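Undergrad: Residue numbers (the numbering used here), protein chains in the order written: chain A, 20 to 424; chain B, 20 to 424.
Provided herewith is a single structure, encoded as structure tokens, for subsequent inquiry.
There are 2 protein chains.
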Amino acid sequence: MRPISFQIEKEFPGTLARAGILKTPHGDIQTPAFISVATKATIKGVSSEQFSDLGVQGIIANTYHLYLVPGEKIVEKAGGVGKFMHFDGPVMTDSGGFQVFSLGAGFGKKLSKFLPEQESAEDAVSIWSEEVASQHGKLAIVDEEGVSFTSHLDGSLHRFTPERSIEIQHALGADIIYAFDECTAPTADHAYQKEAMDRTHEWAKRSLAAHRRNIEKNNSQGIYGIVQGGRFEDLRIKSAREIASMDFDGFGIGGSFSKFDILGILDKVNRELPKEKPRHLLGIGEPEDIFIGVEAGIDTFDCVLPTRNGRTGGIYTEQGKIQLPNAEYKEDLQPLDPQCTCHVCKNFSRAYISHLFRAKEMLGPILASEHNIYFLANLTKRIRNSLLEGTFLQFRDTFLHSYKV
Amino acid sequence: MRPISFQIEKEFPGTLARAGILKTPHGDIQTPAFISVATKATIKGVSSEQFSDLGVQGIIANTYHLYLVPGEKIVEKAGGVGKFMHFDGPVMTDSGGFQVFSLGAGFGKKLSKFLPEQESAEDAVSIWSEEVASQHGKLAIVDEEGVSFTSHLDGSLHRFTPERSIEIQHALGADIIYAFDECTAPTADHAYQKEAMDRTHEWAKRSLAAHRRNIEKNNSQGIYGIVQGGRFEDLRIKSAREIASMDFDGFGIGGSFSKFDILGILDKVNRELPKEKPRHLLGIGEPEDIFIGVEAGIDTFDCVLPTRNGRTGGIYTEQGKIQLPNAEYKEDLQPLDPQCTCHVCKNFSRAYISHLFRAKEMLGPILASEHNIYFLANLTKRIRNSLLEGTFLQFRDTFLHSYKV
Numbered sequence: 020m021r022p023i024s025f026q027i028e029k030e031f032p033g034t035l036a037r038a039g040i041l042k043t044p045h046g047d048i049q050t051p052a053f054i055s056v057a058t059k060a061t062i063k064g065v066s067s068e069q070f071s072d073l074g075v076q077g078i079i080a081n082t083y084h085l086y087l088v089p090g091e092k093i094v095e096k097a098g099g100v101g102k103f104m105h106f107d108g109p110v111m112t113d114s115g116g117f118q119v120f121s122l123g124a125g126f127g128k129k130l131s132k133f134l135p136e137q138e139s140a141e142d143a144v145s146i147w148s149e150e151v152a153s154q155h156g157k158l159a160i161v162d163e164e165g166v167s168f169t170s171h172l173d174g175s176l177h178r179f180t181p182e183r184s185i186e187i188q189h190a191l192g193a194d195i196i197y198a199f200d201e202c203t204a205p206t207a208d209h210a211y212q213k214e215a216m217d218r219t220h221e222w223a224k225r226s227l228a229a230h231r232r233n234i235e236k237n238n239s240q241g242i243y244g245i246v247q248g249g250r251f252e253d254l255r256i257k258s259a260r261e262i263a264s265m266d267f268d269g270f271g272i273g274g275s276f277s278k279f280d281i282l283g284i285l286d287k288v289n290r291e292l293p294k295e296k297p298r299h300l301l302g303i304g305e306p307e308d309i310f311i312g313v314e315a316g317i318d319t320f321d322c323v324l325p326t327r328n329g330r331t332g333g334i335y336t337e338q339g340k341i342q343l344p345n346a347e348y349k350e351d352l353q354p355l356d357p358q359c360t361c362h363v364c365k366n367f368s369r370a371y372i373s374h375l376f377r378a379k380e381m382l383g384p385i386l387a388s389e390h391n392i393y394f395l396a397n398l399t400k401r402i403r404n405s406l407l408e409g410t411f412l413q414f415r416d417t418f419l420h421s422y423k424v
Numbered sequence: 020m021r022p023i024s025f026q027i028e029k030e031f032p033g034t035l036a037r038a039g040i041l042k043t044p045h046g047d048i049q050t051p052a053f054i055s056v057a058t059k060a061t062i063k064g065v066s067s068e069q070f071s072d073l074g075v076q077g078i079i080a081n082t083y084h085l086y087l088v089p090g091e092k093i094v095e096k097a098g099g100v101g102k103f104m105h106f107d108g109p110v111m112t113d114s115g116g117f118q119v120f121s122l123g124a125g126f127g128k129k130l131s132k133f134l135p136e137q138e139s140a141e142d143a144v145s146i147w148s149e150e151v152a153s154q155h156g157k158l159a160i161v162d163e164e165g166v167s168f169t170s171h172l173d174g175s176l177h178r179f180t181p182e183r184s185i186e187i188q189h190a191l192g193a194d195i196i197y198a199f200d201e202c203t204a205p206t207a208d209h210a211y212q213k214e215a216m217d218r219t220h221e222w223a224k225r226s227l228a229a230h231r232r233n234i235e236k237n238n239s240q241g242i243y244g245i246v247q248g249g250r251f252e253d254l255r256i257k258s259a260r261e262i263a264s265m266d267f268d269g270f271g272i273g274g275s276f277s278k279f280d281i282l283g284i285l286d287k288v289n290r291e292l293p294k295e296k297p298r299h300l301l302g303i304g305e306p307e308d309i310f311i312g313v314e315a316g317i318d319t320f321d322c323v324l325p326t327r328n329g330r331t332g333g334i335y336t337e338q339g340k341i342q343l344p345n346a347e348y349k350e351d352l353q354p355l356d357p358q359c360t361c362h363v364c365k366n367f368s369r370a371y372i373s374h375l376f377r378a379k380e381m382l383g384p385i386l387a388s389e390h391n392i393y394f395l396a397n398l399t400k401r402i403r404n405s406l407l408e409g410t411f412l413q414f415r416d417t418f419l420h421s422y423k424v
């Protein structure tokens with residue numbers, strides 16, 4: 020019996036959309052679902068005591084960040100990410116691939132993807148002192164075995180391999196962990212993207228093997244493979260086929276630095292994946308994207324935007340996103356979203372919360388983030404209901420008609 | 020029937036300490052009580068939905084800050100400070116005197132307390148363009164009628180008189196408002212302190228008269244006079260006598276920039292005040308101060324330190340204040356205070372919350388502030404119980420024996 024299983028409740032004819040139940044050791048996720056981002060074992064500004072009221076069914080934390088601070092040993096000692104942050108629902112951890120490349124390397128700065136030919140990976144690491152790193156900027160050096168990278172916090176040198184990422188994720192103890200992948204720069208050409216993809220497939224096999232070797236964790240944590248291929252349709256389809264052939268518990272569609280690279284070919288990717296296993300779209304989840312994703316067969320989403328927007332006063336409403344600090348809301352005694360039933364909209368006004376932003380008070384970002392999290396969680400719940408009732412396309416059209424992007 | 024009344028339940032023999040009930044239009048405060056600081060209509064980082072669980076019996080907001088942002092008209096339109104921030108319990112507003120002088124003037128910078136003799140107050144204001152203010156730094160110019168000052172936010176010019184402060188406080192709609200007072204610099208000599216005190220007494224009469232003229236507000240808001248006199252015992256006693264002779268609903272002991280100016284003479288001040296009316300100690304309220312204050316006859320306290328300490332990881336415990344970000348708590352799976360029963364201590368560990376501080380996550384300051392607020396609220400509750408049970412001095416000695424300052 021695998022720790023992760025997925026049950027399709029209803030499919031929507033003519034699309035890949037489905038409503039389902041994703042079963043994990045820490046409870047079920049009713050899909051489609053929005054998985055809230057808790058990178059450093061916290062949804063930014065929101066206590067886990069609020070999750071249930073906000074409709075948070077699951078969270079996704081990050082291996083790179085928790086490895087650096089506070090270190091996976093402390094999280095393990097506390098009983099895993101969930102216990103550490105006092106959340107007893109399902110937890111995912113992303114493998115750190117994306118962060119190693121985006122934060123460790125610093126896209127657009129100095130990016131060295133290849134080792135000088137005369138050097139082995141070990142040599143490269145040993146000569147790569149902090150002094151060198153500080154002279155040459157942040158770096159991520161890929162070799163066939165793994166990635167050496169500098170911490171975005173202090174420039175210190177670290178190394179991840181698929182085996183190490185899995186080991187850290189075993190310590191972090193999430194219900195669903197991810198294979199370690201190589202995330203390419205958005206500018207990578209087809210040739211390099213293919214090379215990185217092939218490496219990601221090798222790493223997927225090694226991640227899976229490392230996971231299966233740990234009998235104890237194998238029974239309490241599931242593992243998802245990650246489809247790569249950047250912005251190239253042929254590579255995405257090839258990657259989906261390869262990853263689909265491995266014995267993962269589910270799949271993540273990853274590695275996109277622009278959602279427009281992937282949304283248009285998502286249905287083609289998902290058609291290659293086994294229908295009976297769950298699919299997660301990594302890092303994409305604005306309301307308009309969720310409809311596209313669900314129609315293309317995605318079951319779960321995660322996205323930093325509800326809290327990132329919330330921190331600067333960007334608020335999701337049925338009519339679209341509004342910028343709360345704008346002057347027009349200064350004396351507006353309506354709730355953030357007059358049609359919303361979350362605790363923020365029940366108890367506070369636009370005038371009050373926009374005052375908090377003007378007064379630079381923390382409670383502004385807190386309340387805005389809480390509303391936004393509820394909004395996305397509730398939107399996926401409504402989509403799920405529309406799938407169960409057979410009214411998905413109708414609901415989509417009605418919602419998107421009034422929702423101004 | 021006055022909107023504010025006070026009932027003494029029990030006095031502690033040999034001291035001025037008493038347990039009582041302060042009745043307001045928005046409910047009773049069981050005293051001694053800690054009034055939480057909500058300067059800009061928010062306890063920093065804490066939603067009003069949490070107040071009840073944290074033991075918050077009442078809050079104190081600030082006239083100067085709310086006048087500047089968002090403006091008292093918006094708060095009035097929202098139904099007053101309490102409704103604006105969704106808190107239905109008792110609210111106080113400080114008159115803005117302290118802030119006009121400390122923020123508007125910027126102590127230690129250029130402080131001009133006297134008008135040039137050749138100029139009237141009106142002249143002074145009219146020649147005091149923003150250009151002049153920007154050349155000469157922030158200023159607060161006192162005259163017999165009131166104070167002209169620059170905003171600490173944008174340097175714009177404003178003027179408060181006792182009548183204007185009361186008018187703003189009527190709009191803000193708190194249950195208890197304060198007379199407008201002059202706060203002197205901590206370096207003020209006896210002669211200037213006396214002059215300022217005499218002016219404060221005149222302003223107290225005018226504040227009271229302005230309040231009584233507004234029949235409607237007179238029935239829904241009570242007003243406290245403020246005892247001044249700086250660090251001089253003779254002036255403090257004189258001030259207490261003068262303010263005591265006016266028909267206020269209660270009294271604030273104010274104007275202290277160092278708590279050591281006032282704690283030692285608090286009992287002498289309070290002996291001059293009518294025993295049957297409530298007394299509030301403005302801006303002082305660390306655990307050790309609260310015991311001194313209660314023994315000297317103070318009923319309510321407010322202090323920014325629970326949240327200010329909380330934001331930097333300073334945590335109140337039965338054993339004294341700890342600095343949570345210190346290395347020793349990194350792997351400590353105990354609650355913030357093992358003897359505390361607040362929701363933070365029930366659900367989270369020192370290891371987790373110190374991780375949040377290291378990771379620069381908002382939730383760290385939020386949880387630390389919530390615990391600290393509960394700690395102070397609960398401490399005053401325990402003091403109250405010890406007064407009712409006749410064990411006050413015993414409780415004080417036991418508490419202070421283990422509490423390291």
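Ideal Cβ positions, reconstructed from N, Cα and C, are used throughout, including at glycine.
All of these numbers come straight from a predicted model, not from anything done at the bench.
Quick check for students: name the residue ranges of the beta strand (DSSP E) that lie wholly in the region 242 to 283 of chain A, counting only runs of 3 or more.
TA: 269 to 272
Undergrad: Give the range of the alpha helix (DSSP H) segment to which Asp416 (chain B) is assigned.
TA: Numbered from 1 along the second sequence, position 397 holds the residue referred to as residue 416 (chain B). 411 to 421 is the span of the alpha helix (DSSP H), which, as asked, contains Asp416 (chain B).
Undergrad: Which ranges would you report for the alpha helix (DSSP H) in the region 178 to 219 of chain A if only whole runs of at least 4 residues count?
TA: 181 to 191
Undergrad: If I measure Cβ to Cβ from Gln358 (chain B) and keep anything under 8 Å in the same chain, skipping five residues before and after, which residues do I get?
TA: In the second sequence, the residue the question calls residue 358 (chain B) occupies position 339. Correct list, in chain order: Thr336, Glu337.
Undergrad: Measure the alpha-carbon distance for Tyr371 (chain B) versus Phe103 (chain A) and round it to whole angstroms.
TA: One-based indexing of the second sequence puts residue 371 (chain B) at position 352. One-based indexing of the first sequence puts residue 103 (chain A) at position 84. Approximately 6 Å between the Cα atoms of the pair.
Undergrad: Using a Cβ-Cβ distance cut-off of 8 Å, determine whether Phe394 (chain A) contacts chain B.
TA: Here residue 394 (chain A) refers to the residue found at position 375 of the first sequence. Not closer than 8 Å to any Cβ of chain B, the Cβ of Phe394 (chain A) fails to qualify, so no.
Undergrad: Tell me, which residues are paired with Thr336 (chain A) by DSSP?
TA: Along the first sequence, one-based indexing puts residue 336 (chain A) at 317. According to DSSP, which records beta bridges pairwise, Thr336 (chain A) is partnered with A:Gly339.
Undergrad: Spell out a yes or no on whether the region 54 to 61 of chain B and the region 316 to 327 of chain B are touching, meaning 3 or more CB-CB pairs, one atom from each, closer than 8 Å.
TA: yes
Undergrad: Have a look at Asp72 (chain A) and Glu252 (chain B) and give me their C-alpha separation to the nearest angstrom.
TA: Taking the first sequence and counting its residues from 1, one reaches residue 72 (chain A) at position 53. Taking the second sequence and counting its residues from 1, one reaches residue 252 (chain B) at position 233. Roughly 54 Å separates the two Cα atoms.
Undergrad: Could you check whether the region 399 to 415 of chain B touches the region 307 to 325 of chain B, counting it as contact only if at least three pairs of C-beta atoms, one from each stretch, sit closer than 8 Å?
TA: The way I'd put it, the region 399 to 415 of chain B does touch the region 307 to 325 of chain B; three or more beta-carbon pairs between them come closer than 8 Å.
Undergrad: Compare the C-beta of Asn366 (chain A) against all C-beta atoms of chain B and say whether one is closer than 8 Å.
TA: One-based indexing of the first sequence puts residue 366 (chain A) at position 347. So yes, Asn366 (chain A) belongs to the interface.
Undergrad: Under 9 Å Cβ-Cβ, which residues of chain B neighbour Ser66 (chain A)?
TA: Residue 66 (chain A) sits at position 47 when you count from the first residue of the first sequence. Chain B residues near Ser66 (chain A): His362, Val363, Asn366, Phe367, Leu382, Ile385, Leu386, Glu389.
Undergrad: Could you tell me which chain B residues have their CB closer than 7 Å to the CB of Thr61 (chain A), listed as they occur along the chain?
TA: Position 42 of the first sequence, counting from 1, holds the residue named residue 61 (chain A). The answer, in chain order, is Leu375, Glu380, Leu382.
Undergrad: With a threshold of 8 Å between beta-carbons, can Leu352 (chain B) be considered close to chain A, or not?
TA: Numbered from its first residue, the second sequence carries residue 352 (chain B) at position 333. By this cut-off, Leu352 (chain B) is an interface position.
Undergrad: Could you tell me which of B:His220, B:Ser264, B:Thr82, B:Phe117 sits nearest to Val100 (chain B), measuring between CA atoms?
TA: Translated into the one-based positions of the second sequence, residue 100 (chain B) becomes position 81. Comparing Cα positions, the closest option is B:Thr82.
Undergrad: What residue does the alpha helix (DSSP H) around Asp162 (chain B) start on, and which one ends it?
TA: Position 143 of the second sequence, counting from 1, holds the residue named residue 162 (chain B). Taken as a continuous stretch (DSSP letters only), Asp162 (chain B) belongs to no alpha helix (DSSP H), as it is neither H nor E.
Undergrad: Could you check whether the Cβ of Leu419 (chain B) sits closer than 7 Å to any heavy atom belonging to the ligand HEM?
TA: Ligands in the displayed structure: none, and consequently the ligand HEM is not present.
Undergrad: On the three-state DSSP scale, how would you describe Thr43 (chain B)?
TA: Taking the first residue of the second sequence as 1, we reach residue 43 (chain B) at position 24. Three-state DSSP puts Thr43 (chain B) in a strand.
Undergrad: Does the Cβ of His209 (chain B) have 16 or more other Cβ atoms within 10 Å, making it buried, or fewer, making it exposed?
TA: For the purposes of this step, residue 209 (chain B) is taken as residue 190 along the second sequence, with counting starting at 1. Classification of His209 (chain B): exposed, given that the 10 Å Cβ count is below 16.
Undergrad: Between His105 (chain B) and chain A, is any beta-carbon pair separated by less than 8 Å?
TA: To locate residue 105 (chain B), count along the second sequence from 1; it is residue 86. It does; some Cβ of chain A falls within 8 Å.
Undergrad: Please decide whether Ile425 (chain A) counts as near chain B, where near means a Cβ-Cβ distance under 8 Å.
TA: For chain A, the structure presents residues 20 to 424; residue 425 (chain A) sits outside this window and is missing.
Undergrad: Measuring straight from C-alpha to C-alpha, what distance separates Leu355 (chain A) and Lys379 (chain B)?
TA: Reading the first sequence from its first residue, position 336 is the one you call residue 355 (chain A). Reading the second sequence from its first residue, position 360 is the one you call residue 379 (chain B). Cα to Cα, Leu355 (chain A) sits roughly 27 Å from Lys379 (chain B).
Undergrad: Between Glu201 (chain B) and Arg21 (chain B), what straight-line distance do the alpha-carbon atoms span, to the nearest angstrom?
TA: As a position in the second sequence, residue 201 (chain B) is number 182, starting the count at 1. As a position in the second sequence, residue 21 (chain B) is number 2, starting the count at 1. Whole-angstrom Cα-Cα distance: 27 Å.
Undergrad: Who are the neighbours of Ala97 (chain B) on chain A, taking C-beta pairs under 8 Å?
TA: The residue you call residue 97 (chain B) lines up with position 78 of the second sequence. Close partners of Ala97 (chain B) in chain A (Cβ separation under 8 Å): Leu352, Ser368, Ala370, Tyr371.
Undergrad: Could you tell me the boundaries of the beta strand (DSSP E) in which His171 (chain B) lies?
TA: By one-based count along the second sequence, residue 171 (chain B) stands at place 152. Here His171 (chain B) belongs to no beta strand (DSSP E), and DSSP marks it neither H nor E.
Undergrad: For Arg298 (chain A), which of helix, strand or coil comes out of DSSP?
TA: Residue mapping note: residue 298 (chain A) aligns to position 279 of the first sequence, counting from 1. In the structure shown, Arg298 (chain A) sits in a strand (DSSP, three-state: E or B).
Undergrad: With respect to the alpha helix (DSSP H) encompassing Glu28 (chain B), which residues constitute its N-terminal and C-terminal limits?
TA: Position 9 of the second sequence holds residue 28 (chain B). Element bounds for Glu28 (chain B): not the alpha helix (DSSP H) but the beta strand (DSSP E), 24 to 30.
Undergrad: By how many angstroms is the C-alpha of Gly383 (chain A) removed from the C-alpha of Gly332 (chain A)?
TA: The residue given as residue 332 (chain A) occupies position 313 in the first sequence. The residue given as residue 383 (chain A) occupies position 364 in the first sequence. Roughly 8 Å between the two C-alpha positions.
Undergrad: Are the Cβ atoms of Val88 (chain A) and Ala396 (chain A) separated by less than 8 Å?
TA: Locating residue 88 (chain A) in the first sequence gives position 69, where the first residue counts as 1. Locating residue 396 (chain A) in the first sequence gives position 377, where the first residue counts as 1. No; because the gap between Cβ atoms is not below 8 Å, this pair is not in contact.
Undergrad: For chain A, is any of its Cβ atoms less than 8 Å away from the one on Lys129 (chain B)?
TA: Indexing the second sequence from 1 puts residue 129 (chain B) at position 110. Only weak support is given to the placement of Lys129 (chain B): the predicted model assigns it a pLDDT of 33, under 50, and the question is left unresolved by the model.
Undergrad: If we ignore side chains and look at the alpha-carbon of each, how far apart do Met265 (chain A) and Gly339 (chain A) end up?
TA: Translated into the one-based positions of the first sequence, residue 265 (chain A) becomes position 246. Translated into the one-based positions of the first sequence, residue 339 (chain A) becomes position 320. Roughly 40 Å separates the two Cα atoms.
Undergrad: Pro89 (chain B) versus chain A: which residues are under 9 Å apart at the beta carbon?
TA: As a working note, residue 89 (chain B) is residue 70 in the second sequence. Result: Lys349, Glu350, Ala370, Tyr371, Ser373, His374, Arg377, Ala378.
Undergrad: Could you work out which residue in A:Ile262, A:Phe320, A:Ser67, A:Leu254 is closest to Asn366 (chain B) when comparing CA atoms only?
TA: As a position in the second sequence, residue 366 (chain B) is number 347, starting the count at 1. The candidate whose alpha carbon is nearest that of Asn366 (chain B) is A:Ser67.
Undergrad: Which word fits Val65 (chain A), buried or exposed, when buried means at least 16 other C-beta atoms lie within 10 angstroms of its C-beta?
TA: Within the first sequence, residue 65 (chain A) is the residue found at index 46, counting from 1. With 16 or more Cβ atoms within 10 Å of its Cβ, Val65 (chain A) is classed as buried.
Undergrad: If we count Cβ pairs, one from each stretch, closer than 8 Å, do we get three or more for the region 239 to 253 of chain A versus the region 272 to 291 of chain A?
TA: yes
Undergrad: Reducing DSSP to helix, strand and coil, say where Ala396 (chain A) ends up.
TA: Numbered from its first residue, the first sequence carries residue 396 (chain A) at position 377. Of the three classes helix, strand and coil, the one that applies to Ala396 (chain A) here is helix, per DSSP.
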